[in-house]
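Enquirer: According to full-length UniProt numbering, the sequence shown is numbered sequentially starting from 1.
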Amino acid sequence: MRSASACWRFCQLIEGIAVDEKQRYDEGMEVRRAVLGDAHVDRSLNALTEFNSEFQEMITRHAWGDIWTRPGLPRHTRSLITIAMLIGMNREGELKLHLRAAANNGVSRGEIKEVIMQSAIYCGIPAANATFHLAESVWDELGVESRE
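1. Where do the ends of the alpha helix (DSSP H) carrying Thr-77 lie?
2. Could you give the uninterrupted runs of the alpha helix (DSSP H) lying entirely in the segment 24-57, keeping only those of 4 residues or more?
3. Counting pairs of beta carbons, one from the segment 91-103 and one from the segment 129-140, are three or more of them closer than 8 Å?
4. Can you tell me the Cα-Cα spacing of Gly-106 and Asn-46, whole angstroms?
5. Pull up the CB-CB distance for Trp-64 and Met-29, whole angstroms please, since I reckon it's below 8 Å.
6. Hey, would you say Glu-50 sits closer than 9 Å to Tyr-25, going by beta carbons?
7. Buried or exposed: which applies to Leu-80, given that a residue is buried once 16 or more other Cβ atoms fall within 10 Å of its Cβ?
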């Protein structure tokens, strides 16, 4: 038979986990909005369905709440790393999103150019070529002069 104090400790543990999950979600949402912009996040939230809502909550908690809030790297560096990985994975939709978001983290066009140049060696010329075109189209959409 379990003691009342053991049950109480278990309830505290479960409650602590729930609070931690809520806190990570809230912190993740704050970073997600700062990086991706309110308009994008609001569109994503408005597109939630029963089918995808748990996935979106998981992304917010873990990608944005666990990883993007870590103290080891500034957001600027995380943006550059994310862009490089998305080039290598050939994920154009996410890459376009993170090329837009990079400016919110203080990433310059010159830094993005260097990431694309390096990706040509490690990910292939076609991947880099496609990313140069994609970056220019993103900058055109944003009204940013793409020439250095």
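Each residue gets a CB set at the ideal place from its N, CA and C atoms; glycine is no exception. Computed from a prediction, not measured in an experiment: that's the story for all the values here.
Expert: According to the structure data:
1. As a first step, residue 77 is located in the sequence shown; it is residue number 77 there, counting from the start. Residues 75-89.
2. 38-46
3. yes
4. As a position in the sequence shown, residue 106 is number 106, starting the count at 1. As a position in the sequence shown, residue 46 is number 46, starting the count at 1. Those two C-alpha atoms are separated by around 28 Å.
5. To locate residue 64, count along the sequence shown from 1; it is residue 64. To locate residue 29, count along the sequence shown from 1; it is residue 29. Sure, about 7 Å apart at Cβ, within 8 Å.
6. Taking the first residue of the sequence shown as 1, we reach residue 50 at position 50. Taking the first residue of the sequence shown as 1, we reach residue 25 at position 25. No.
7. Locating residue 80 in the sequence shown gives position 80, where the first residue counts as 1. With 16 or more other Cβ atoms within 10 Å, it is buried.
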